[in-house]
Structure formats: structure tokens, C-alpha cells
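Going line by line, the protein sequences match chains Y and H.
Going by the working numbering, the letters in the first sequence line up with residues 1 to 409, in that order.
Going by the working numbering, the letters in the second sequence line up with residues 410 to 818, in that order.
Number of protein chains: 2
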Amino acid sequence: MAIVKGNAVIGQSGGPTMVINQSLVGVVEELKKHPEIGKIYGGLNGIKGMLEERFIDLGKESEANLERVALTPAAALGSCRFKPTEDDCHKLFEILKKYDVKYFFYIGGNDSAETANILNEIAKKDSYELRVFHVPKTIDNDLRENDHTPGYGSAAKYVASSFMGNDLDCTALLGVKVDIVMGRNAGWLTAAAALAKDPDDKDSGPHLIYVPEYPVTINEIGMDILAVHERLGRCIVAVSEGVVDKYTGKPFADSLIDEVDSHGNKQLSGTGALGDFFTVEIKAFAEQNGVKNLRLRSDTLGYAQRSFAGFRSDVDAKEARMVGRKAAQCAVSGDIDGSIAIKRVGDSPYEVDFVRVELSSVARITRDLPENFINDKGNYVTDEFIEYLRPLVGEVPTIGKLNKEIVKL
Amino acid sequence: MAIVKGNAVIGQSGGPTMVINQSLVGVVEELKKHPEIGKIYGGLNGIKGMLEERFIDLGKESEANLERVALTPAAALGSCRFKPTEDDCHKLFEILKKYDVKYFFYIGGNDSAETANILNEIAKKDSYELRVFHVPKTIDNDLRENDHTPGYGSAAKYVASSFMGNDLDCTALLGVKVDIVMGRNAGWLTAAAALAKDPDDKDSGPHLIYVPEYPVTINEIGMDILAVHERLGRCIVAVSEGVVDKYTGKPFADSLIDEVDSHGNKQLSGTGALGDFFTVEIKAFAEQNGVKNLRLRSDTLGYAQRSFAGFRSDVDAKEARMVGRKAAQCAVSGDIDGSIAIKRVGDSPYEVDFVRVELSSVARITRDLPENFINDKGNYVTDEFIEYLRPLVGEVPTIGKLNKEIVKL
Numbered sequence: 001m002a003i004v005k006g007n008a009v010i011g012q013s014g015g016p017t018m019v020i021n022q023s024l025v026g027v028v029e030e031l032k033k034h035p036e037i038g039k040i041y042g043g044l045n046g047i048k049g050m051l052e053e054r055f056i057d058l059g060k061e062s063e064a065n066l067e068r069v070a071l072t073p074a075a076a077l078g079s080c081r082f083k084p085t086e087d088d089c090h091k092l093f094e095i096l097k098k099y100d101v102k103y104f105f106y107i108g109g110n111d112s113a114e115t116a117n118i119l120n121e122i123a124k125k126d127s128y129e130l131r132v133f134h135v136p137k138t139i140d141n142d143l144r145e146n147d148h149t150p151g152y153g154s155a156a157k158y159v160a161s162s163f164m165g166n167d168l169d170c171t172a173l174l175g176v177k178v179d180i181v182m183g184r185n186a187g188w189l190t191a192a193a194a195l196a197k198d199p200d201d202k203d204s205g206p207h208l209i210y211v212p213e214y215p216v217t218i219n220e221i222g223m224d225i226l227a228v229h230e231r232l233g234r235c236i237v238a239v240s241e242g243v244v245d246k247y248t249g250k251p252f253a254d255s256l257i258d259e260v261d262s263h264g265n266k267q268l269s270g271t272g273a274l275g276d277f278f279t280v281e282i283k284a285f286a287e288q289n290g291v292k293n294l295r296l297r298s299d300t301l302g303y304a305q306r307s308f309a310g311f312r313s314d315v316d317a318k319e320a321r322m323v324g325r326k327a328a329q330c331a332v333s334g335d336i337d338g339s340i341a342i343k344r345v346g347d348s349p350y351e352v353d354f355v356r357v358e359l360s361s362v363a364r365i366t367r368d369l370p371e372n373f374i375n376d377k378g379n380y381v382t383d384e385f386i387e388y389l390r391p392l393v394g395e396v397p398t399i400g401k402l403n404k405e406i407v408k409l
Numbered sequence: 410m411a412i413v414k415g416n417a418v419i420g421q422s423g424g425p426t427m428v429i430n431q432s433l434v435g436v437v438e439e440l441k442k443h444p445e446i447g448k449i450y451g452g453l454n455g456i457k458g459m460l461e462e463r464f465i466d467l468g469k470e471s472e473a474n475l476e477r478v479a480l481t482p483a484a485a486l487g488s489c490r491f492k493p494t495e496d497d498c499h500k501l502f503e504i505l506k507k508y509d510v511k512y513f514f515y516i517g518g519n520d521s522a523e524t525a526n527i528l529n530e531i532a533k534k535d536s537y538e539l540r541v542f543h544v545p546k547t548i549d550n551d552l553r554e555n556d557h558t559p560g561y562g563s564a565a566k567y568v569a570s571s572f573m574g575n576d577l578d579c580t581a582l583l584g585v586k587v588d589i590v591m592g593r594n595a596g597w598l599t600a601a602a603a604l605a606k607d608p609d610d611k612d613s614g615p616h617l618i619y620v621p622e623y624p625v626t627i628n629e630i631g632m633d634i635l636a637v638h639e640r641l642g643r644c645i646v647a648v649s650e651g652v653v654d655k656y657t658g659k660p661f662a663d664s665l666i667d668e669v670d671s672h673g674n675k676q677l678s679g680t681g682a683l684g685d686f687f688t689v690e691i692k693a694f695a696e697q698n699g700v701k702n703l704r705l706r707s708d709t710l711g712y713a714q715r716s717f718a719g720f721r722s723d724v725d726a727k728e729a730r731m732v733g734r735k736a737a738q739c740a741v742s743g744d745i746d747g748s749i750a751i752k753r754v755g756d757s758p759y760e761v762d763f764v765r766v767e768l769s770s771v772a773r774i775t776r777d778l779p780e781n782f783i784n785d786k787g788n789y790v791t792d793e794f795i796e797y798l799r800p801l802v803g804e805v806p807t808i809g810k811l812n813k814e815i816v817k818l
């Protein structure tokens, strides 16, 4: 494949992460090394902004500022949730031609990969030689072909630190705490709460984890909670925002939330409705079972999971930079299109490879937690999952506890 | 005042903070230096546990473990929300006499100071020479006599980091974000959101801050939000959980939440009800004013504000240690009772003093944000407040932004 001279454009799409800008900077720094690349444009707010010709010149940014941007959470170019029609694609190509763009990079999750795939297919039909690369990111960790995705490790670290605090908080004040964790259709991020468990304290929380892959009933959750609460006086529960009601086969949230985006996804974050629903249901269940005045609190962990400032997993940050670089390397080396996937090639020491895969193989359809990562009762994760997760998060905070042996006079 | 030989007991009470265990360790390490102190007991779950004779021996803890505990959020001894009756006090004194306790330390907020004050008054009546010290902590920053309270700086840093992320998140995806911040009757912690504002970017959020000290109407909030949203396409709003409805003179949350503790405080945290209430009201207000389909999200920042693991303001941690030490110093040097207050004695460089004050002067009644810290419209803080806050939080994350000048062909 001949080397193509031309300009490049980079866009970001979907929900922010703490390290998505690492990938952006990775693409830029690699492209800068290649003389066949002219201008390096940033498209503001993904293809939505590109359709309005809102391009900025990333080549003008100083290295020092790019490094600051890399450490900053949330899409520095702005984002969008926008699925293009065929007409949008034709219009976009007219614009890209005007800007002499031959290289197109789109950083995002499975919906963004779908967008890249649509663009790529229609570019082929239009005989427009556009090199289309998807660069993976999602806190949901649900991209196929990938061992894990950039953004997940940092979000998982946030969730684990949050649950550590919750368990200590509830050890101090007792009661039941139900936290709703992001993740839409896959339980990866909710499962990460398990990393909060203190290896030296078998009674530490979280005690229960419910993921969308394993439908449950309110009664099952209620019984699980009361059993732990009776034993320890507290119970810390991680519930995925997408957890599914066994009776209806649909997410509990479906009946509570109406808003839907252009990819057909329900708006699950940015509301406390699901947490408050569980609070009411579990309190009622407890009363029916003779447990009066159960102290029950619920937090919905919220946007901090994907954009808490100054916080990251170092491994995640490094890998996010690498997928950006790798996408640029592939594009200039003659590959016409694809997505970059992270493959794990070693466990001890932990080691990964970055490989090109087909756009269609990561687009649209998401990847669930495999069965061997969920326990038989569907209310916790397995040790295999913990082993899988630990290297992605790196160091977690150290916890000190007092010896609580009661003094006998 | 003669030096009294005897044992000491330490309790923790009220809501956890990220640095409350620093104060615990501060008391312990200071007491260890004094030969007149025999055993150093920890009372589990405050006076509630002491009434059940649940004491542990803190003298047996290694220095290394105490240092780990100091870095761990949430009350290591366990906590309670419990206001003792006179009968409880008599009963407690019988128990404390049995354990030869002459020194009593209670780490907590204004309710805990009230408990300490009640104990102290009844001890006097009973002619029980008990040295009663209150050690301040509260993320609410609402203790009288104090420039600020241990726990506040760390919580403020968490809130600021969270709002930084929120502003970046909403810069990327646009829309309105309303975050509910802890703080019950005083707006100190909500006001801390202002530290998220990027000094180099006047359009950065948060854009609006509502505190309980300044009652508002939904219409006022709605108009403020629409004005910012029209100008920037986004609006980041910090709302205190205790914000007051100008029409009724009562917190908006009052009509949404029923649960009350033994000090008469409403349960405001651990529910998304208030955030969801504002979402509905502001969406309705926007529609009435011709703004359809406003993208509006709400997060209730939750327990992470007081117990996110591995996170702290270094200044706050140091001062929390110091108030514990100072309380122990006062108690053994002959002062019979009191609370330790932080007084600011210098602004540049920032410097504080730790002084003994009367228990009654910090008990029960809280301290509001003063008028000069809130702007005239009651929808943001003043520069004076930012100057007050900055040294308590220390370093905040660095934010990098791209130059968004649109390329012209």
C-alpha cells in the first residue's frame, strides 16, 4: 500500500474517561513524526462538529500543553453522541476533502466504532481513500476483541476507592449501603468494587455485587442483604445501573427512566432514581421479614467515575497513550482501516500487545462479563476476576484497622 | 490544678471524615508521653459502645499500625449518633469509674461537642473529676470558635476535584449538571465547589452555587441556569443538600425526606431525591420558558465526600493530628475541660494556632457562611471566600485545555 500524503483529523466521541486525552495526545505525537502527514486537525465535538467545519489545529499545541491535556479528564476536543446517516457521511466527506483529510481517527467506545465503521464503508462506496481508525476508550470495558479498554482501569480504581470508603463508613455507622455503579449493559465496572475488599479482613465489603449479566429479583437481593446485615450489622452492595429484573427480563431502570440517545441507549447516569428505588424496595422487604427501621443509604456514584480530576490508574494512562500511538502507526504504515485492541500476553509479569483488528469486530455489539468471573449465586465476582483486574488498576489505598479485641477487666 | 493519675478513653462520634483518625492518633501519641496516664482505651461506637463496656486497648497498637490508621478514612473506633440522657450519663460514669477513667476525649462535630458538654455538666454535678475534651472534626466546617474544622479541607478538595471533572465532562457533552453537596445547615462544603473554577478560563464552572444561608426559589435558580446555558451551552451548579425554599422558609429536602436522628437532624445524604427533585423542577421551568429537551443531569456527591479512600488535603491531615495532640496536652496540663479550636493567625504565609475554648461555645449551634463570603445575588461565592479556602485545600489538580480557535481555510 502506497504512502498517502494528506492531513489528519482526530475526533472524540461518547462518554468521557480520565485518560481519553492520553489517546488523543498519543495520536498527535506519533503523527508528528511522519512527514507524509500535513496538518493535524482536531474536530470539535466529534463528527457533529466536523459537519459544522469546527476544526482546530493540533499541530500548533506545545508539547508541554499536550502533556497537561493528557493528564486532564474528559474529552479535550469535546464529544458527541451522534450516529451519522448516509447523507451525513457524504456531507462529511465533502468537508474532509476540502480540508485534504486522508487520515481519520475516532476515539470512543462501541458506538464510536460503529460510527467509524459506517464512515469507512461509505467512504469505500464513494471511492474516497480515507484511512479510518477507531481508538478504543470506555469505562464500561465492553469492547469486543479487547482484554480491557483504556479508561476502565482508572474508573475501576475510582470505584474501588469509593467502596473502600463506604465500607469503612458503614463499619463506623452500621447499616446497609447500596451504591449504583455505571456500566449500562455490562457489569465490568460494578464488578471492580470487589477490589475494595481488604485481603486481610474477610468481613470487609463490598459483600454483594449485582451485574446485568445475571438477572435477579428484589427478593433475592433482599435476602442476601439481610443475611449479611444480620451477621455483621452492615452490608455494602454494588449494583450496576443496568441490573436486570429476572421477572421482566428488563433492566429495573427501564421503568424509571425515559430519555434515550441516538444510538438507542437509555440515560442511566445523572439520576438517583434507581438507587432510591432499591432503597424503598429493600426497606419494604426488610419490614416484611421483621427487620424494622433498617438504616439504608444509597449513592449513585455519578460522573466522578469517569472524570474525577487528578485521578487515574498509571497503567491505564500509559496504555491509553499507546493505543493512540499505535493507531497512528498503523494508519501511516499502510493499513487502510481498523481499530486498535489491547491483548494480554502475560500475567506475571503483566504484559500487553496492541494489535490492529477490524472495525466491524468491535462496532456496536458489546462484550459481557464472562461466566467464570461471576460466582454461582450471581451475587459476587470470582477470584479469577480479581486476578484479571488487579494489574489494570495498580496500587489501591492502604487501609489501617485497629485490633478490636474487647478489654476484659 | 493537680495532675491526676488515671486512664483515658477516646471516642469518635458523628459522620466520618478522611482525617478523623489523624486526630485519634494525635491524642494517643501525646497521651503516651505522659506517665500519669495509665491505659489508653478506645471506646467503640462512641458513648453508645462505652455504655455497653466495649473498650479496646489503644496502648497495644504499634506506631506503624497507628500511622496506617491515621491515613485511613472514617472513624476507626466506630461512630454513633447518640445524645445521652441524664440517666445514660450516670450509667456511663459508673462504667468509667470501674475502668478508672479520668480523661475523656470525644472526637466529633457540634452534636458531639454537645454530648461532651452534657457529660461534663453532669460529671460536675456528680462530683466526678473527669477531664472532658472535645476534639473537633466535621466536613461541614460549621463549628463556632473555629476558623475551619479538621475534615473540611479534604472534603473540600474532593468536592473541587469532582466539580473540575464535571465541568470538563459537560464542556465535552454540554447540558446542565446539578450536583448536590453535603453540609446540612451550612453552605461551607458546597461553596468549596468554587475552587474547581479554572483561574485561566473565566467561563469554566461551577457557574452557580446555592447555599442554605441564602434562601432561593426554583424560578430564581431556573432563570440563573438558563442564562448561563444560553451563553455557554452548559451550566454547572452546586446545590447544598440543605438549600432553603424562600417561599416556605424550609429546606426543599424537608418535604422529600422523613428520617431523623436523635439530635433532630434530617437524613439528607444517601438519597438522590433532592437532585431528582431539582431535575424535574428545572426541566419544567425550562420548558415553560421555551427551552425544550434541556440535557440535565444531577449527581448527589455522596459518602465519597467524607470517606473516599487514599485522598486528603495534606494541610487538613496535619491539622487534624495537631488538634488531637493539643487536646491531650491541655487535659494533662491541668485544664479540666474544653474543646480545641483552630484560629488563623496568618494569611501569607498561612499559619494557625490551636487554642482551648469552652465546650458550651462550640456545642450544638452551628456556624453559617458569613455574608461577605456569598455574592449579592446569593448565587455564588466571593473572592474573599476563595482566599479563605485555598490554603485549607492545598494543591488542586492541574487542568490542560486545547486552544479552540477554529481553523479558517
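Idealized CB from N, CA, C, for every residue including glycine.
- Between GLY809(H) and ASN45(Y), the CB-CB gap reaches or exceeds 8 Å.
- When secondary structure is reduced to three states using DSSP, LEU480(H) falls in the coil class, being assigned neither helix nor strand.
- At a cut-off of 8 Å between C-beta atoms, PHE285(Y) does not count as an interface residue with respect to chain H.
- Under the DSSP assignment, HIS134(Y) falls in the beta strand (DSSP E) whose first and last residues are 131 to 136.
- At a C-beta separation below 9 Å, GLU470(H) has these neighbours in chain Y: LEU402 and ASN403.
- Close to ILE815(H), with beta-carbon spacing below 9 Å, are these residues of chain Y in chain order: LEU44, GLU53, ARG54, PHE55 and ILE56.
- By the neighbour-count criterion, in which 16 or more other beta carbons inside 10 Å mark a residue as buried, ARG640(H) falls on the exposed side.
- Taking 9 Å as the Cβ-Cβ cut-off, the stretch 490 to 507 of chain H approaches chain Y at ARG490 and LYS507, given in chain order.
- Distance from the CA atom of TYR388(Y) to the CA atom of ILE236(Y), rounded to whole angstroms, is 22 Å.
- Using a Cβ distance threshold of 8 Å, LYS500(H) and GLY447(H) do not count as a contacting pair.
- If you look at TYR158(Y), you'll find it in the alpha helix (DSSP H) that goes 152 to 173.
- For ASP111(Y), the three-state secondary structure derived from DSSP is helix.
- By the criterion of a C-beta distance shorter than 7 Å, PHE285(Y) is surrounded in its chain by ILE218, ASN219 and GLY222, once the five residues flanking it on both sides are discounted.
- Neighbourhood of ASN7(Y) in chain H, by CB distance below 9 Å: empty, with the nearest CB roughly 10 Å away.
- Following the DSSP letters along the chain, one finds CYS235(Y) in no alpha helix (DSSP H) but inside the beta strand (DSSP E) bounded by residues 234 to 240.
- Distance between SER748(H) and PHE763(H), taken at the CA atoms: about 10 Å.
- With respect to the 8 Å criterion, GLY424(H) and ILE516(H) are not classified as neighbours on the basis of their beta carbons.
- Neighbours of GLY78(Y) in chain H, taken as residues at a C-beta separation under 9 Å, are given in chain order as THR580, ALA581, LEU582, LEU583 and LYS813.
- Residue-level contact by beta carbon fails for ASN519(H) and chain Y, as no gap is shorter than 8 Å.
- With respect to the 8 Å criterion, VAL434(H) and ALA736(H) are not classified as neighbours on the basis of their beta carbons.
- In this structure, the beta-carbon distance from ALA564(H) to GLN714(H) falls below 8 Å.
- The count of Cβ pairs closer than 8 Å, one atom from the stretch 603 to 622 of chain H and one from the stretch 333 to 352 of chain Y, stays below three, leaving the stretches out of contact.
- With fewer than 16 neighbouring CB atoms inside 10 Å of its own CB, THR494(H) falls in the exposed class.
- Secondary structure note for GLU351(Y): its beta strand (DSSP E) is the uninterrupted segment 350 to 357.
- Note that the C-beta distance between ILE783(H) and TYR623(H) is below 8 Å.
- Closer than 8 Å to the CB of SER333(Y) there is not a single CB belonging to chain H.
- DSSP places THR300(Y) inside the beta strand (DSSP E), whose first and last residues are 296 to 300.
- The secondary-structure analysis by DSSP pairs SER748(H) across a beta bridge with HIS543(H) and VAL766(H).
- Cβ neighbours of GLY59(Y) within its own chain (closer than 7 Å, five residues either side excluded): LYS39 and ILE40.
- Look at the stretch 384 to 399 of chain Y: the residues with a C-beta under 9 Å from a C-beta of chain H are GLU395, VAL396, PRO397, THR398 and ILE399.
- In the three-state scheme derived from DSSP, where H, G and I count as helix and E and B as strand, ASN7(Y) is classed as strand.
- Straight-line measurement puts the Cα of GLY651(H) at about 9 Å from the Cα of ASP663(H).
- If you compare the alpha carbons of GLY334(Y), SER240(Y) and VAL323(Y) with that of TYR380(Y), the shortest gap goes to SER240(Y).
- Measuring C-alpha to C-alpha distances from ALA194(Y) to each of PHE385(Y), ASN403(Y), THR398(Y) and VAL407(Y) identifies PHE385(Y) as the nearest.
- Using a Cβ-Cβ distance cut-off of 8 Å, the stretch 705 to 719 of chain H and the stretch 576 to 586 of chain H are in contact, since at least three pairs of beta carbons, one from each stretch, lie closer than that value.
- Within the same chain, ARG553, GLU554 and SER748 come within 8 Å of SER770(H) by CB-CB distance, once the 5 residues on both sides are set aside.
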